[in-house]
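Contents: one structure, followed by commentary.
2 protein chains.
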Amino acid sequence: MTPTITAFNWVPDFARSYVRDMRARWAFEEIGEDYAVSVIDHATVKGPAHRRVQPFGQVPTYADDEVEIFESGAIALHIARRAPGLLPADRAGQARAEQWVIAALNSVEPMIMQLAMVDIFEADRPWSAARRPQVVEDIRGRLADLSAALGDKDWLDGAFSVGDLTMVSVLRGLHDSGLLAEFPTLAAYVARGEARPAYRRALADHLADFEAEPVPA
Amino acid sequence: MTPTITAFNWVPDFARSYVRDMRARWAFEEIGEDYAVSVIDHATVKGPAHRRVQPFGQVPTYADDEVEIFESGAIALHIARRAPGLLPADRAGQARAEQWVIAALNSVEPMIMQLAMVDIFEADRPWSAARRPQVVEDIRGRLADLSAALGDKDWLDGAFSVGDLTMVSVLRGLHDSGLLAEFPTLAAYVARGEARPAYRRALADHLADFEAEPVPA
């Protein structure tokens, strides 16, 4: 079978380009492999059949002849192992690429997610306004460290890898915050990622799969 | 060289057994490989030499003849690839084990970390008391899903894997909260992990490496 991922048939405008099927689509485009998309609604994603693969009721999931998995980071790594383009050939380089995948997912994204909590998902809660400055300060500290690690390099470790794909995907979550602009080398890093033809193809396909209006479940 | 990890020479009592060098130690014990520990103080961890490997100024880091990496999840995966014991032999099983590593680090730990924020690191902030019930509710929802995924199995996917090592390490963070007790199958899962001889050896060595009193940097 053609490797197949799941994606939503609709999300609000603010979430478009950020749903995590983007990471799988981008990975496929980087290695130049065809893939199929099963576009599903929110009720299906929360239903028992989907949850047998994705226990938390989210997208994306991934299926090929060999395996069915969830977690966009694990899916991106699995795609990266299918063909050259996202992982170096040597074991040490592969370990460093995995390190950056996990750094993005465990050391950077959780902080950025808290900004989405105070600004979007919990914007109306009484604690969010008071909490926001600390959330921003925590992110600033992490971005300063990451910026120092990137230095004047184009990518985190040699050639573009699944580590960069994941880190750029995570950092993009700061676009509306203005925080990236405080770290010009990181802003340029994200812009380099978003300028890649593979990213642009993935984004176009991601956006094209959404219905304009919410679809009744 | 003997593979070497870094660990702290001292942390407060509440953090003992939870510092992430535990994950690397446990992984080494599971595959039965000797390792060395470079015990360092907090000033060294925040210094420029350590940050060249660990940009965020944390432990653990890992070094062998081939590679130097950070991120406990990436280190555990790297150790798991050195010898049998933590990854199945087939590629599909390996992808599912990686999926659980990343699920633990990206879908479970960030929520549990927020409980540590309100209860410990931001306990004195004006927003923490108001926020706590929502943090707990979010964790409950995630644990319910995870509990359903585990079902009546001993481990998440067949034999004990690096995915279980990471998930148990993450769920342990709830010991003081009482939340695990609300999900008896997850409490039993964590207890099974902590009862493994490899875990117990790792914990004993982790604790033995701490000084009793803070060491001036």
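Line by line, the protein sequences give chains Z and U.
Just so you know, full-length UniProt numbering puts 47 at position 47 of the first sequence, and the rest follows in order with no gaps.
Just so you know, full-length UniProt numbering puts 88 at position 88 of the second sequence, and the rest follows in order with no gaps.
In this text, a Cβ means the ideal position worked out from N, Cα and C, and glycines have one as well.
For Z:E68, the uninterrupted beta strand (DSSP E) run begins and ends at 68 to 70, by DSSP. Comparing alpha carbon positions, the residue from U:R82, U:E137, U:T4, U:W26 closest to U:A195 is U:W26. Interface residue (Cβ-Cβ distance to chain Z less than 7 Å): U:H78 is classified as such. Counted as a single uninterrupted DSSP element, the stretch harbouring U:A212 is not any beta strand (DSSP E), since DSSP gives it neither H nor E. Apart from the 5 residues on each side of it in sequence, U:T185 sits with its Cβ closer than 8 Å to the Cβ of S147, L150, G151, D152 in its chain, given in chain order. Of the candidates Z:H42, Z:F28, Z:A191, Z:H42 places its Cα closest to the Cα of Z:N9. With the criterion set as a beta carbon lying under 7 Å from some beta carbon of chain U, the region 24 to 36 of chain Z has no members that meet it.
Here Z:S38 carries a strand assignment [DSSP, helix/strand/coil]. The region 201 to 208 of chain U and the region 9 to 25 of chain U touch, with three or more beta-carbon pairs separated by less than 8 Å. Chain order gives no chain Z residues near U:E182, where near means a beta carbon separation below 7 Å; the closest approach is about 17 Å. In this structure the region 127 to 143 of chain Z lies against the region 105 to 118 of chain Z, because at least three pairs of beta carbons, one per stretch, are closer than 8 Å. Membership of U:Y62 in the beta strand (DSSP E) is indicated by the continuous run 61 to 63. Residue environment: U:M1 is assigned as exposed (fewer than 16 neighbouring CB atoms within 10 Å of its CB, all protein chains considered). Cβ-Cβ distances below 8 Å link Z:T4 to Y35, A36, V37, S38, Y62, A63, D64 in the same chain, with the five nearest sequence neighbours on each side left out; the list follows chain order. Z:A7 carries a strand assignment under DSSP once its states are collapsed to helix, strand and coil. Cβ proximity to chain U below 7 Å picks out E66, V67, I69, F70, E71, G73 from the region 62 to 73 of chain Z. If you draw a straight line from the Cα of U:S161 to the Cα of U:A212, it comes to about 33 Å. Chain Z places no beta carbon closer than 7 Å to that of U:A187, leaving this residue out of the contacts.
From the listed residues Z:I40, Z:L87, Z:G47, the smallest Cα separation to Z:P60 is found for Z:I40. The alpha carbon of U:D90 has as its nearest neighbour, out of U:A159, U:T6, U:R51, the alpha carbon of U:A159. The beta carbon of U:A116 is closer than 8 Å to those of G173 in its chain, skipping five residues each way along the sequence.
Not a single CB atom of chain U sits nearer than 7 Å to the CB of Z:I139. At least one C-beta of chain U is nearer than 7 Å to the C-beta of Z:S107.
Secondary structure at Z:A195: coil, using DSSP grouped into helix, strand and coil. Between Z:A187 and Z:L180, the CB-CB gap stays under 7 Å. In this chain, U:G151 is not harboured by any alpha helix (DSSP H), its DSSP state being neither H nor E. Between U:E98 and Z:A123, the C-beta gap is not smaller than 7 Å, which leaves the two residues out of contact. Rounded to whole angstroms, the gap between the alpha carbons of U:E68 and Z:R132 is 36 Å. Within the region 96 to 161 of chain U, the complete alpha helix (DSSP H) segments of 4 residues or longer fall at 109 to 116, 128 to 150, listed in chain order. Between U:T166 and U:A92, the CB-CB gap reaches or exceeds 7 Å. In summary, U:P55 is buried, with 16 or more beta-carbon neighbours lying within 10 Å of its beta-carbon over all protein chains present.
In this structure, U:A80 lies away from U:E33, with their beta-carbon atoms at least 7 Å apart. Secondary structure at Z:Y18: coil, using DSSP grouped into helix, strand and coil.
Nearest to Z:A15 by alpha-carbon distance, out of Z:R52, Z:S169, Z:D154, is Z:S169. Z:I102 counts as buried, since at least 16 other C-beta atoms from the protein chains shown sit within 10 angstroms of its C-beta.
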